[in-house]
Structures are given as structure tokens and as C-alpha cells.
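Taken in order, the sequence shown gives residues 887 to 1235; the numbers are from the numbering used here.
One structure is given below, encoded as C-alpha cells.
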Amino acid sequence: MSCKSKSHLILLVSVLLSFRAFASGEKFSAKVEPIWGLYVIRFDTPDGRIKVFLPKEVNPGTKVSGIMVLEPTGKDDIERQRRKEKLNSYEVELGGNKVQVVDGNFKLSIPSELETVAAYISLKDENKVEQIRVVIPLGKRVETDLVKEPLEQWMYKLPGVGYAGKLVEIEGPFDGDFETTKLKMGDREINWIVESPTGLFFRSPSDITGSTQLELREGDIVIKRRFSNLPVVKIRKGTEKGLSSKQEDSTPIESKSGVSTKPLPLINKSGYTVQIASFRKEDEALELAKSLRAKGIPAFVRQARIKGKGTWYRVRVGEFKTLEEARSYGQYLKEHERGFEFLFVTIND
């Protein structure tokens, strides 16, 4: 394919992606929602909603695994169960792969003969009649397995910090098959959302907080590391903040929405810093700071006594002369380091 033809094809795909879907009737609709490292394909049907989670890296010649979530409509449990059974009779098709709609995990083998830069993912009803389709991009074709050498522990990058209820990524060589992958946090086995040949995403449990252990088993390889699971609490309507296992009574300077909840002076004698988290236990704070320094991030721990709340250990990053410098570095961390969406700028006291 010439460069000119490929450019035209990419333009065509962009145009197609700008539309919600191609439907045979008004009762069905669909939309592709890019979220971080994955796609959520949302099919709305007369019986409820079907959400299909897929990795963004869908490469011809590889396997991928994902998850479906069913949201049947109905005024009571009996009607919702009946509609769920109806949703289970539907079928999703991608690149010739037909997958029965289930409330759980599924896997796909992406045909290597797919030559295009995009493909249709369609929904068929109980009579196997296509009702709607949407377009998702495809990656480069892979002729053989991505990993030819024996797998080793160092190939997998387990994160050291995450937020409860939020997405967490593990980078490494995977086979795209959920049946060969096991994931545990503490003593509990947890489910992942998508798996591709280069990584997987899971949703961190919302009821496990503080320092724990993350364990990945991929085939015969087992990797363990300490993991700080920081809870997210509401500080006002529509706004969340990441904290430690118990909330510290301190006011954030910048909320998730980017609106200041407490104004800071542009110049302060003691300077400014970026706060990542706050812990009751010193060892948890030190462990997080150590993992950040190992990535080249200048993290340190500052002890603070809060009236009526006791002693807290704050994990902070950098020392800056001006507020603008601190904000710029905080924005850099948000854009380049996953898991830092709830950091905020504060005075370096």
C-alpha cells in the first residue's frame, strides 16, 4: 500500500470514528469510548446496555482478552433477569471472531490476514441478524509471537501505587489469554479488565487500602511486589481526592477538576512541593517514596502533626521556588506517570 493510499485510508477511518455507529434500526445505538489504555464499546439495546472492554492494542495475528458488563433494564429483578437472558442470546463479532455475549471475561484471536488499519465490531441479535456496528483501530500485524525468548521476572513492570477503584496497568509480555493469568492483591484473587500481548489493566479493589502485596502469575512466572492502594474520598460534590488508608484533615490546593479550593501565594519563602499521598504508617510512606525514587522521581517523606488527628507521613515530590514551577511539575507527573491523578500542590512546610 502506498503512503498516499494509506493516508487516505487513515483519513477515512478518522471520519468513520467520528460517527457513533452504523445501525439497522433506531432501537440500537453504539459508541466507542477511549479510556486510558483501552476501548469501551457501549451497545445500547431495547433490553439494556452491553459494555465490551478491549485493549487499545488490537493487533492482527495476536490474542487479546477483555470483559463484558451487562446492564439490563427493567422495573424489578424479575424483569431485569429476563432481559439479561435476552442479552445473553446476542453475539459480538470482530474480524470473523464470534463471541457470545456474557457477563464476564472473553478472548479473541485477531486474524493475521486483516490488512486494514481499522475493523468493524458488530452486535447481532438472538436471530444472528446484525443490528449495529462500530469501527475500532487496529495495530500493526504481528507474524509471530512478540516474545521469543524465555519469560523472566524482570520483563514485568508491576506498579508500586494505585488508587482504590481505579484502573491500574501492568506492562510486560503476555499471551493475551486470560486463562493463563492470575492476579492477587493481598490474599484475594482479583479480576483484570483487558489483556494484550504487551500488558494488562485491572481495577484496583475499593475495599483494600494501605500497603499490601500485588502478585502476578503469568504461566510459570510469579512476580510479587509491595503495593500502596490509596483510597479515593469525596471532598465535595463531583470532586474526588486520593488519600491514605485514613483521611488526613488537610485541604487540597488543587482538586481533580483543576479548580483551587484554597488560594496560594505566587511566592512563598519556604517554596512549594507536590504532595502525592499521606499515610498513618511511616513504613508505608517510606516504601512509596522509595519506589518513586527508583523511577527517578525526587520523592521524600515529611512528618506532620495534625491537631486532633495525630501524626501523618506525607509523601512529597520536589522542592520548587515558585508556584508555577510546582504546578508545571505536577502536571508533568499527571501526564507521564499513571496513578498520579489526585496529586496536589502545597506549601513546602
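We treat Cβ as the ideally placed atom computed from N, Cα and C, and that holds for glycine.
Legend entry - Cβ shell of Arg969 (< 8 Å), same chain only, five flanking positions each side left out: Asp933, Gly934, Pro958, Thr959 and Gly960
Inset, instruction - Could you check the C-alpha separation between Lys949 and Ala1050 for me, to the nearest Å? - result: One C-alpha to the other measures close to 29 Å.
Legend entry - Nearest neighbour of Ile1079, chosen from Ser998, Tyr925 and Glu1038 [CA to CA]: Tyr925
Legend entry - Of the listed residues Ser1092, Val1047, Thr1197 and Ile1107, nearest to Arg1179 (C-alpha basis): Val1047
Inset, instruction - On a CA-only basis, which of Lys972, Glu977 and Glu971 is nearest Val857? Give me that one, please. - result: The question about residue 857 has no answer, for the chain in this structure spans 887 to 1235.
Inset, instruction - Can you tell me the Cβ-Cβ gap for Met954 and Phe992, rounded? I've got them flagged as a contact below 8 Å. - result: Between Phe992 and Met954 the Cβ distance is about 6 Å, and since that is below 8 Å, they are a contact.
Inset, instruction - Identify whether Glu1012 lies in helix, strand or coil by the three-state DSSP scheme. - result: coil
Legend entry - Coil, strand or helix - Ser1114 by DSSP: In the structure shown, Ser1114 falls within a strand segment according to DSSP collapsed to helix, strand and coil.
Inset, instruction - Note down the Cα distance separating Phe1110 from Ala1175, rounded to an integer number of angstroms. - result: In the sequence as presented, Phe is not what sits at residue 1110; that position holds Lys. Spanning the two alpha carbons is a distance of roughly 18 Å.
Inset, instruction - Assess, as a yes-or-no matter, whether the region 1069 to 1076 is touched by the region 1088 to 1105 under the definition of 3 or more beta carbon pairs within less than 8 Å. - result: yes
Legend entry - Helix, strand or coil at Glu1171 according to DSSP, with G and I counted as helix: It should be pointed out that residue 1171 corresponds to Ala in this sequence rather than to Glu. Residue state, collapsed to three classes: helix.
Legend entry - Backbone CA spacing between Asp930 and Gly952 [nearest angstrom]: 19 Å
Legend entry - Nearest to Pro920 (by Cα), restricted to the options Asn983, Lys913, Phe914 and Glu943: Glu943
Inset, instruction - Taking all protein chains shown into account, decide if Trp1198 is buried (16 or more other Cβ within 10 angstroms of its Cβ) or exposed. - result: buried
Legend entry - For Leu895, the three-state DSSP class (helix, strand or coil): Residue placement at Leu895 cannot be trusted, given a pLDDT of 47 that sits under 50; the coordinates are not used to answer.
Inset, instruction - Go ahead and pull the three-state DSSP assignment for Asn974. - result: helix
Inset, instruction - Could you check what DSSP says for Ser1090 in three-state terms: helix, strand or coil? - result: coil
Inset, instruction - With a threshold of 16 other CB atoms inside 10 Å of the CB of Thr1208, please say whether the residue is buried or exposed. - result: exposed
Inset, instruction - Identify every run of the beta strand (DSSP E) within the region 1178 to 1229, keeping only runs that are complete inside it and at least 3 residues long; order them along the chain. - result: Complete beta strand (DSSP E) runs here, min 3: 1185 to 1192 and 1196 to 1208.
Inset, instruction - Name the residue from Phe1186, Gln967 and Ala916 whose alpha carbon lies nearest to the alpha carbon of Tyr1006. - result: Ala916
Inset, instruction - Please determine, among Leu1116, Trp922, Lys1181 and Phe1206, the residue with the shortest C-alpha to C-alpha distance to Phe1165. - result: Closest option to Phe1165, judged by alpha-carbon separation, among Leu1116, Trp922, Lys1181 and Phe1206: Leu1116.
Legend entry - Extent of the continuous beta strand (DSSP E) to which Phe992 belongs: Residues Asn991 to Ser995.
Legend entry - Residue-level contact to chain B via CB, Leu1000, 8 Å cutoff: Of the chains in the structure shown, none is chain B; there is only one protein chain.
Legend entry - Buried or exposed by the 16-neighbour rule on C-beta atoms within 10 Å, applied to Lys1052: buried
Legend entry - Nearest-angstrom Cα separation, counted from Ile1076 out to Thr1232: 35 Å
Legend entry - Neighbourhood of Val1187 by C-beta, 8 Å cutoff - its chain only, sequence neighbours within 5 removed: Glu1168, Ala1171, Leu1172, Ala1175, Tyr1199, Arg1200, Val1201 and Arg1202
Inset, instruction - Indicate the three-state DSSP secondary structure (helix, strand or coil) for Glu957 in the structure shown. - result: Strand at Glu957.
Legend entry - C-alpha distance - Lys1181 paired with Glu1055, whole-angstrom precision: The straight-line gap from Cα to Cα measures roughly 16 Å.
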